[in-house]
Amino acid sequence: MIILSYVFQLNHLLKSGRATPRTDRQKMPVINIEDLTEKDKLKMEVDQLKKEVTLERMLVSKCCEEFRDYVEERSGEDPLVKGIPEDKNPFKELKGGCVIS
Numbered sequence: 001m002i003i004l005s006y007v008f009q010l011n012h013l014l015k016s017g018r019a020t021p022r023t024d025r026q027k028m029p030v031i032n033i034e035d036l037t038e039k040d041k042l043k044m045e046v047d048q049l050k051k052e053v054t055l056e057r058m059l060v061s062k063c064c065e066e067f068r069d070y071v072e073e074r075s076g077e078d079p080l081v082k083g084i085p086e087d088k089n090p091f092k093e094l095k096g097g098c099v100i101s
């Protein structure tokens, strides 16, 4: 599958009439891939691969360890894990009330 960079030569494609801006609330232009020449498609793929080769790669196991450590470090501050003290809970039930039986 060809990896396409959506932003590749956007001005060129808009000027050549092969891409048209959207009129709805989204501002990203639409690129009709079928209308592109094979050369444009290959150039987009090469540009995307150049971007990807510069990315720093990390092992999934290392990322998982760091993520786990991050979560464990902050679990004491997390109100969903620790809970909210009754005196600071704005949603606590009011005492008293009326029971109709």
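Okay, so the sequence shown: first residue is 1 according to UniProt numbering, each after it adds one. For glycine and all other residues, C-beta sits at the position ideal for the given N, C-alpha and C.
Starting from residue i, follow the alpha helix (DSSP H) in both directions and report where the run begins and ends.
i: Met58; result: Met58 -> no alpha helix (DSSP H), and no H or E assigned at all.
i: Val81; result: 79-82
i: Leu42; result: 38-53
Once DSSP output is grouped into helix, strand and coil, what is the label at residue i?
i: Ile100; result: coil
i: Ser5; result: With a pLDDT of only 45 at Ser5, under 50, the local geometry of the prediction cannot be trusted, and no value is derived from it.
Select from the options the residue whose C-alpha is nearest the C-alpha of residue i.
i: Lys92; options: Ile84, Cys98, Val99; result: Ile84
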